[in-house]
Amino acid sequence: MSQQLPDFPTYVEQTEPIRQKYLQPLAFDTDEDGDQLEWTARDVIEELELIIDARATMASEEFREEIREQAKRLLK
11 MSQQLPDFPT
21 YVEQTEPIRQ
31 KYLQPLAFDT
41 DEDGDQLEWT
51 ARDVIEELEL
61 IIDARATMAS
71 EEFREEIREQ
81 AKRLLK
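In structure tokens:
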């Protein structure tokens with residue numbers, strides 16, 4: 011209970027990147043008819059399946075990077 015809280019500028023500095031990430035538009039925020047989102051989601055799922063199948067031959071860092079890349083596609 012005696013844990014010291016960071017001062018406000020330090021807190022803002024630590025949390026600002028997270029806040030900025032949440033302000034980015036998502037794929038479904040700009041997709042008027044939903045078709046592009048559906049195709050993007052299907053493509054990402056297919057790519058993730060291929061990545062998971064190839065995991066045994068990949069380095070763990072390479073695997074994580076491939077997963078991050080697919081996540082970025084949904085957040086653009």
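Numbering (this note's numbering), first residue to last: 11 to 86.
Even glycine gets a Cβ: it sits at the ideal position worked out from N, Cα and C.
Task: Delimiting residues of the alpha helix (DSSP H) encompassing A66 - done: Along the sequence shown, read from residue 1 onward, the residue named residue 66 stands at position 56. Here A66 belongs to no alpha helix (DSSP H), and DSSP marks it neither H nor E.
Open item on the list: With H, G and I counted as helix, E and B as strand and the rest as coil, what does DSSP make of P35?
Closed with: Here residue 35 refers to the residue found at position 25 of the sequence shown. Here P35 sits in coil by DSSP.
TODO: Determine, using beta carbons only, whether R83 and D63 come nearer to each other than 9 Å.
DONE: The sequence position of residue 83 within the sequence shown is 73, counting from 1. The sequence position of residue 63 within the sequence shown is 53, counting from 1. Not closer than 9 Å, so no.
Task: Cβ-based neighbour list, I61, same chain, cut-off 6 Å, excluding 5 preceding and 5 following - done: Working through the sequence shown from its first residue, we reach residue 61 at position 51. Excluding positions up to five away in sequence, the list reads E76.
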